[in-house]
Amino acid sequence: MLKLGSDEIAKYPFMQDAGAYLKETTGFTLEQFGSDPDLKYIQEIAVKRIGAAAAGDIFKSGLYDMDSKEQTTLNEVASFLVAVVLLRMAKASALFNRFALAEARRAERYLERDMKEYRKKIQTSSKKVEEMRPARIIEELFGMRIRRDGDDFVIPVPDYVRHSVHFYEREWKLINRHVVGGDVFLTAHGVVRLIRNDLVTYIREKITKGKYPDSLTGFEDAIGSVRGIAGRFEAKVEYTGKFPPCVDHAIRVLQRGDNLPHSGRFMLATFLLGIERKPEEIIPLFKNAPDYNERITTYQVNNLAGTGGGTRYTCPSCEKLKTQDLCFATPECNGIVNPLQFGRRK
Amino acid sequence: MDEQDEAFLNESFKRYYFKHAGSIDVPPRAHEREFGYQKFGSGMVRHMSIRARKDLHLMLIRETPSDIYCSNSYYVFPEITPMDKKEWLGADMIFDIDAKDLKLPCRPDHTVRTCLECKNVSLDSETCKGCGSKACKKASLPCRRCMDAAGEQAIRLAGILSDDLGIGEDKIKTYFSGNEGFHMYAYDERFQSLAAKERMELAAYVMFKGAIPKAYGAEAKDSFPKYDDKGWRGRFVRYVAQKKSQYRSSKAIVGDQGAFQKKLDEASEAIGVRIDANVTTDVHRIFRMPESINSKSGLAKILCQDVSRFDPYTEAVLLDDDPVEVHADCPAGFVLKGTEFGPYASQKVTVPRYAAAYMICKGLAGMGPLPAHARPPASSA
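So the protein lines, in turn, are chains W and R.
Just so you know, the first sequence maps onto residues 1 to 346 in the working numbering.
Just so you know, the second sequence maps onto residues 1001 to 1381 in the working numbering.
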């Protein structure tokens, strides 16, 4: 099993070793971050960390600013773990994905930088260079083997396609990659981007599946702050219950703050436009999406609506939705070929 | 199919399995695969488990299947239904190459159409020459040119699997399907756990489908692939340049996204491997078993040691050769074991058993008298 150094624990606080570090190296318990006045500042950092994620920013780490390495590691690791516990205790589900995405992007930066540094070191140093640590971390997390080949980083084809199939953009298709001898050649950025979805899922599961107490003394104010941040994203969706199951499902995914694939967003928006909902009524539905950006969403929904004389897009057929794994047909769907017909025909 | 024809084929297949059962082996990890078979005149039996070679032999001799199949997938419980209860473990990768997908110009010359209205049999045409009906069934008797072209696709595919995807040549097996094409199996454990969507990526890759200009150096001349580059970058640029001396001038398409995309699309048609992507992506399909007889032709599905030299119409002809009298209405000629047969215009002929089976499997001959319409005109004497 991979043993992380303290600097790595600070960069990747979601790794198993981070929890062990807190328990075994510092000896601190979770309760102490609520009761010990000298440690309460960690809660403030944790709330800031959540706030940054909610705003779509990457938490500005003090990783390279602090004098004391020990202090830095403690702050980084503890603030992450406390943030996770706060999100759970505050039941701030609207922030789970946002936080996981922001933390994944933060980790990506370190992984990418460390991969580039490793490459530089191995290309310039005459001494034996130690193993590629970021690659070992990725392998430990996702079982994906990475090695360096010249300026590139290469991963086996099966590992690549397992991850790339989740991408919508055509540049991620295997055919658009340099593939030789069973390996896919990528830049450092390409490698870390490839694992983003898995990293988000991994961090999200830390929040949703971790065993944490329901409440802890001394955390009340921080929980209140987190609830306040979450409140900004808990858009009340007007839901009549008369939508077809595919649309119903898409709304529920968004309400949970989960990621709805591009095809699902397209289906939802075009369906609602199809039943004469206005773009301004539709846009708030996407507020819970982990990557929500009001400006982009507004542009996209207006584009689908054909605002300004453009093409007005129509809701995809049931057949098409089936191929996209977006169909959740019930007996009420019998006889319809497009979600817009739901409830109109028997 | 007529009862007499079924009985003839049953007898022919029975003789084959009786003689050759010993050389038919179960595939690796047989106990984890689903088996299925069909008998003449009856439906498909699926969700069977065959654990050992002797069980397979017993089944072949006892049942005389018209077709026998085996899954490329491995399951914990291969014999259980429905499919989701089988507990999928993985699947070998299979690529299907079919001569009919190559649409060679010679195809109409050996495609026979049987009118569903008046039963008139003729070479391929839009409408029936007898009654003008468009309703028909078609049977193809692919020529060597078609099979050689399909073989070239198989060779190209094997190269891509080996050079690009890193699958060892010892793990790639090419089988003549027993009818019109080839099945290529890749027994590489690293790929076995890939799901349908992921296999779709691999299918698109070998077909050179979905390439975008940016990935092939359309934006700047210095990012344009080198002539000797490996993988699709090299293949594409060699297709564009045609020869090394024209490499420099082939860069003219750089900067013009539209022209570049057009070239990529052309290349997909010209140098992409023509496979049936649905076969590669379907992980719950059962495939004809190697060394078994294909009831669409009476030829065997066999391993090709060297596709470039493979002659399906000699090597896969494994039924007996005792003379058999049949009523043939086969307007396209064909060659089996170096002997030319046909064309036959509604006539009684004596041919080796394998040739009789070939025509009967294609619906172009029968053991009994031909239908009244198909008989040759009565002599005026």
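A virtual CB, placed ideally from N, CA and C, is assigned to each residue, including glycine.
These figures come from a predicted structure and were not determined experimentally.
- Query: Which residues, taken in chain order from the region 1145-1168 of chain R, show a beta carbon closer than 8 Å to some beta carbon of chain W?
  - Reply: Asp1163, Asp1164, Leu1165, Gly1166, Ile1167
- Query: Sorted by chain position, which residues of the same chain lie with C-beta nearer than 6 Å to R/His1057's C-beta, five sequence neighbours on each side aside?
  - Reply: Ala1021
- Message: Can you give me the C-alpha to C-alpha distance between W/Gly306 and W/Phe243, rounded to a whole angstrom?
- Response: 23 Å
- Report the residue ranges of all alpha helix (DSSP H) runs contained in full by the region 167-210 of chain W; include only those spanning at least 4 residues, in chain order. 188-194, 196-209
- Three or more C-beta pairs closer than 8 Å, one from the region 265-282 of chain W and one from the region 302-322 of chain W: is that the case here? yes
- Under 7 Å between beta-carbons, which chain W residues line up against R/Ala1211? List them in chain order, please. Ile175, Asn176
- Could you name the residues of the region 137-167 of chain W whose beta carbon sits closer than 8 Å to any beta carbon of chain R, in the order they occur along the chain? Pro156, Val157, Pro158, Val161, Arg162, Ser164, Val165
- Item | Straight-line gap, R/Ala1052 to R/Met1289 (C-alpha atoms, nearest Å) | 15 Å
- Query: In chain order, what residues of the same chain lie with their CB nearer than 7 Å to the CB of R/Arg1235, ignoring the 5 residues before and after it?
  - Reply: Ile1271
- Query: Three-state secondary structure (DSSP) at R/Ser1140?
  - Reply: strand
- Item | Min CB distance W/Glu171 to chain R below 8 Å | yes
- Message: Quick check for students: name the residue ranges of the alpha helix (DSSP H) that lie wholly in the region 60-139 of chain W, counting only runs of 4 or more.
- Response: 69-89, 93-124
- By how many angstroms is the C-alpha of R/Met1207 removed from the C-alpha of R/Gln1153? 10 Å
- Message: Against chain W, with Cβ distances strictly below 8 Å, would R/Tyr1205 count as a contact?
- Response: yes
- Between R/Leu1336 and chain W, is there a C-beta pair that is closer than 8 Å? no
- Item | Contact set between W/Gly190 and chain R, taken where Cβ atoms lie within less than 8 Å | In chain order: nothing, as chain R lies at least about 12 Å away.
- Item | Close-in-space but distant-in-sequence residues of the same chain around R/His1183 (CB under 7 Å, 5 per side omitted) | Ile1094, Asp1096, Tyr1175, Ser1177, Phe1287
- Message: Distance cutoff 8 Å, beta carbons only. Does W/Gly182 sit that close to anything in chain R?
- Response: yes
- Three-state class that DSSP yields for R/Phe1310 in the structure shown: coil
- Contact under 8 Å by Cβ, R/Met1001 with R/Phe1040: yes
- For the candidate residues W/Gly309, W/Gly19, W/Phe59, whose alpha-carbon lies nearest to that of W/Leu74? W/Gly19
- Task: Take the Cβ of W/Arg162 as the centre, count every other Cβ of all protein chains shown within 10 Å, and call the residue buried at 16 or more, exposed below.
- Result: buried
- Task: Sort out for me which residues DSSP pairs R/Leu1336 with in a bridge.
- Result: R/Thr1339
- Collapsed DSSP secondary structure at R/Ala1195 in the structure displayed: coil
- Item | Proximal chain W residues relative to R/Gly1231, where beta-carbon distance stays under 8 Å | His178, Val179, Val180
- Message: Please tell me whether W/Thr187 and W/Asp152 are closer than 8 Å, where the distance is taken between their beta carbons.
- Response: yes
- Please determine, among W/Gly264, W/Thr72, W/Asp258, the residue with the shortest C-alpha to C-alpha distance to W/Ala94. W/Asp258
- Message: Contact between the region 1249-1267 of chain R and the region 1209-1220 of chain R is defined here as three or more beta-carbon pairs at a separation below 8 Å; is this criterion met?
- Response: yes
- Cross-chain neighbours of R/Ala1215 in chain W, by beta carbon under 9 Å: Arg170, Glu171, Lys173, Ile175, Asn176, Arg177, His178
- Query: What are the residues that DSSP puts in a beta bridge with W/Pro156?
  - Reply: W/Asp183
- Query: Would R/Leu1202 count as contacting chain W if we go by Cβ distances under 8 Å?
  - Reply: yes
- Return yes when at least one heavy atom of the ligand NAD lies under 7 Å from the C-beta of W/Ser125, else no. Looking for the ligand NAD in the displayed structure turns up nothing, as the structure carries no ligands at all.
- Query: What first and last residue would you give for the beta strand (DSSP E) that runs through R/Lys1119?
  - Reply: Looking at the DSSP string, R/Lys1119 is not in any beta strand (DSSP E), and its letter there is neither H nor E.
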